[in-house]
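Visitor: The opening position of the sequence shown corresponds to residue -12 in the numbering used here, with each subsequent residue numbered one higher. Glycine residues also receive a C-beta, built at the ideal position from the N, C-alpha and C atoms.
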Amino acid sequence: MNIQWTDDLAIGISVIDEQHKTLISRAASFSRAVESGNKKQMEDTVNYLIAYAVQHFGAEELIMIRNRYDRFKEHRDEHSWFIKKVFDVHAKLTGGEGISRPDAEEFRDMLLNWMLDHIAVKDKHIAETLNSFGGPLR
Ligand SMILES: [Fe+2]
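If you want it as structure tokens, here you go:
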């Protein structure tokens, strides 16, 4: 199982779309590391993914705040939930505890599914709402 950018994931806010492309490519790197079963590579790619996810969610949340997006709180809660999941796996991988292959695969599946659903449904809703008011203030 892996993930890749397709144009139907575009939400129409170019700065966010570009960030989503990067986020997806980082998730794909992590997924390949899980596939190969290489723990060091899993550790490196999860580090790489979490750093970008935190930065990207911050940028997206700022757009929501600036535009007084009415579903800001529930959207931010989804980001927080996701970060917590990645944090737990990151802590296992970097804390010496390690992760079993079934757990790594389960986490990868959650990660990829969450990302696709979140972008295609929740992030698209931000763009649709802001565009209905004449487009987002950045
Ligand atoms: Fe989001």
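#1: Any contact between the stretch 94 to 108 and the stretch 54 to 74? By contact I mean 3 or more CB pairs, one from each, below 8 Å.
#2: Tell me, to the nearest whole angstrom, how far the beta carbon of D110 is from that of I3; I am working on the premise that it is less than 8 Å.
#3: Tell me the rounded alpha-carbon separation between A107 and G85.
#4: What I want to know is whether the C-beta of K109 ends up closer than 7 Å to one or more non-hydrogen atoms of ligand 1.
#5: By alpha-carbon positions, which one of I(-2), T(-7), E30 ends up nearest to L117?
#6: Nearest-angstrom Cα distance between V33 and D96?
#7: Just curious, the alpha helix (DSSP H) that R13 is in, first and last residue?
#8: May I ask which residues mark the beginning and end of the alpha helix (DSSP H) holding S67?
#9: Nearest CA to the CA of E127: which residue from G121, F120, A114, S119?
#10: Taking 7 Å as the cut-off, is the C-beta of E47 nearer than that to any heavy atom in ligand 1?
Guide: On the basis of the supplied data:
#1: yes
#2: Residue mapping note: residue 110 aligns to position 123 of the sequence shown, counting from 1. Residue mapping note: residue 3 aligns to position 16 of the sequence shown, counting from 1. So it is a contact: roughly 7 Å between Cβ atoms.
#3: The count along the sequence shown starts at 1 and reaches residue 107 at position 120. The count along the sequence shown starts at 1 and reaches residue 85 at position 98. In a straight line, the C-alpha of A107 is about 32 Å away from that of G85.
#4: Numbered from 1 along the sequence shown, position 122 holds the residue referred to as residue 109. Indeed, a heavy atom of ligand 1 lies less than 7 Å from the Cβ.
#5: The residue given as residue 117 occupies position 130 in the sequence shown. Among I(-2), T(-7), E30, the Cα nearest to that of L117 belongs to I(-2).
#6: Numbered from 1 along the sequence shown, position 46 holds the residue referred to as residue 33. Numbered from 1 along the sequence shown, position 109 holds the residue referred to as residue 96. One alpha carbon belongs to V33, the other to D96, and they sit about 14 Å apart.
#7: As a position in the sequence shown, residue 13 is number 26, starting the count at 1. That run of the alpha helix (DSSP H) goes 1 to 23.
#8: As a working mapping, residue 67 is identified with position 80 in the sequence shown. Where S67 is concerned, the enclosing alpha helix (DSSP H) stretches over 59 to 81.
#9: In the structure displayed, the chain extends from -12 to 125; residue 127 sits before or after that span and is not available.
#10: Locating residue 47 in the sequence shown gives position 60, counting from the first residue. Checking the Cβ of E47 against ligand 1 gives yes.
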